[in-house]
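S.K.: Sharing a structure below in structure tokens format, with a few things to ask.
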Ligand code: SAH
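Numbering (this note's numbering), first residue to last: 775 to 1054.
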């Protein structure tokens, strides 16, 4: 049977007459491994909302790996002074390579004999000097089966990790944080909510900021010439229709779907122009 994703096992369930719901559940199972010197850091963020539900239903499996478990000295040293001098400390390569190899269950090789990659997994180094993480990156990651995150600390990570261990070096924005844990969590969150079955309503991840061009978002048949790639989400309103004298746009209350779609499209364009002119 032809498969629509790398998670092919469950597609075969269709032959057994499984419902679509079960199919989705079984189809997408993602494993995230987070390598960190602060394992306790992740206790809160993993335990709420969509991520919590995705873990409970087995849609994703999240493992937190203490980097110090891969040290061999008495002090469990993970960092050392930078060659060439300068401020701060740098995470050493050995514990990181060994942690990743242990999670992969295979070696990644050496200069003389590099190991082969695996198209269904990614080894992501969180780094302010990495490529910018975008919604399209999240969509690409959502197709994988296994993602290992390396969370840096101090001045960063020995460059051989970026060059010869990580498959991707990713930044979550043009600012510098004190560690890669929050950035990794953000990526885990963004990817998880794209997995089929993670959101209550699948349309939610199709009609939102960065998800598609304007026409797909609103059902309008008019091509939006100036929108190259994506728009921000349109503004949302809920009850009460009037609050402290501020009213919800009349058109949203009227129930005319075509008019609502038109309004939303225009409002999304206006908001994108105002907040993110670089996208247009
Ligand atoms: N000296 C580095 C910053 C190190 S900050 C530089 O100037 O680029 C320590 C760690 O925090 C990094 O190794 C990285 O894992 C994480 N980090 C900081 N900012 C980040 C960002 N914008 N995106 C992803 N990770 C980041």
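We put the beta carbon where it would ideally sit given N, CA and C, even for glycine.
According to DSSP, simplified to helix, strand and coil, what is residue 917?
M.R.: Reading the chain shown from its first residue, position 143 is the one you call residue 917. Here residue 917 sits in coil by DSSP.
S.K.: May I ask you to report which of helix, strand or coil DSSP gives residue 959?
M.R.: Counting from one through the chain shown, the residue named residue 959 turns up at place 185. It is helical.
S.K.: Answer yes or no: the CB of residue 957 versus the heavy atoms of ligand 1, is any distance below 6 Å?
M.R.: Numbered from 1 along the chain shown, position 183 holds the residue referred to as residue 957. Answer for residue 957: yes, Cβ within range of ligand 1.
S.K.: Please work out which residues of its chain come closer than 6 Å, Cβ to Cβ, to residue 877, disregarding the five sequence neighbours upstream and downstream, and give them in chain order.
M.R.: Position 103 of the chain shown, counted from the start, is the residue given in the question as residue 877. Same-chain partners within the cutoff: 807, 922.
S.K.: Is the stretch 895–910 touching the stretch 933–953, taking contact as three or more C-beta pairs under 8 Å?
M.R.: Taking 8 Å as the limit for Cβ pairs, the verdict is that the stretch 933–953 does touch the stretch 895–910.
S.K.: Cβ of residue 951 within 6 Å of any heavy atom in ligand 1?
M.R.: As a position in the chain shown, residue 951 is number 177, starting the count at 1. For ligand 1, at least one heavy atom lies less than 6 Å from the Cβ of residue 951.
S.K.: Closer than 8 Å is the cut-off here; do at least three beta carbon pairs connect the stretch 833–841 with the stretch 805–819?
M.R.: Because the criterion of three Cβ pairs below 8 Å is met, the stretch 833–841 and the stretch 805–819 touch.
S.K.: Could you tell me how far apart the beta carbons of residue 820 and residue 826 are, in whole angstroms, since I believe they sit closer than 8 Å?
M.R.: The residue labelled residue 820 in the question sits at position 46 within the chain shown. The residue labelled residue 826 in the question sits at position 52 within the chain shown. That belief holds up - the Cβ atoms of residue 820 and residue 826 are roughly 7 Å apart, short of 8 Å.
S.K.: I need the DSSP call for residue 942, collapsed to helix, strand or coil.
M.R.: Locating residue 942 in the chain shown gives position 168, where the first residue counts as 1. Note: residue 942 maps to strand in three-state DSSP.
S.K.: With hydrogens ignored, establish whether the beta-carbon of residue 929 is closer than 6 Å to any heavy atom of ligand 1.
M.R.: Numbered from its first residue, the chain shown carries residue 929 at position 155. Within the cutoff, so yes.
S.K.: DSSP three-state call for residue 1024: helix, strand or coil?
M.R.: Here residue 1024 refers to the residue found at position 250 when the chain shown is read from its first residue. In the structure shown, residue 1024 sits in a helix (DSSP, three-state: H, G or I).
S.K.: Between the C-alpha atoms of residue 880 and residue 1036, what's the straight-line distance to the nearest angstrom?
M.R.: Numbered from 1 along the chain shown, position 106 holds the residue referred to as residue 880. Numbered from 1 along the chain shown, position 262 holds the residue referred to as residue 1036. Spanning the two alpha carbons is a distance of roughly 54 Å.
S.K.: Give the DSSP-derived three-state secondary structure of residue 994 in the structure shown.
M.R.: Stepping through the chain shown from its first residue, residue 994 is reached at position 220. Residue placement at residue 994 is poorly supported in this model, since its pLDDT is 45, which falls under 50; the coordinates still yield a value, given next. If DSSP states are grouped into helix, strand and coil, residue 994 belongs with coil.
S.K.: Near residue 954, what residues of its chain come up, given a Cβ to Cβ distance below 6 Å and the 5 sequence neighbours on each side ignored?
M.R.: Position 180 of the chain shown, counted from the start, is the residue given in the question as residue 954. These residues qualify, in order along the chain: 900, 925, 926.
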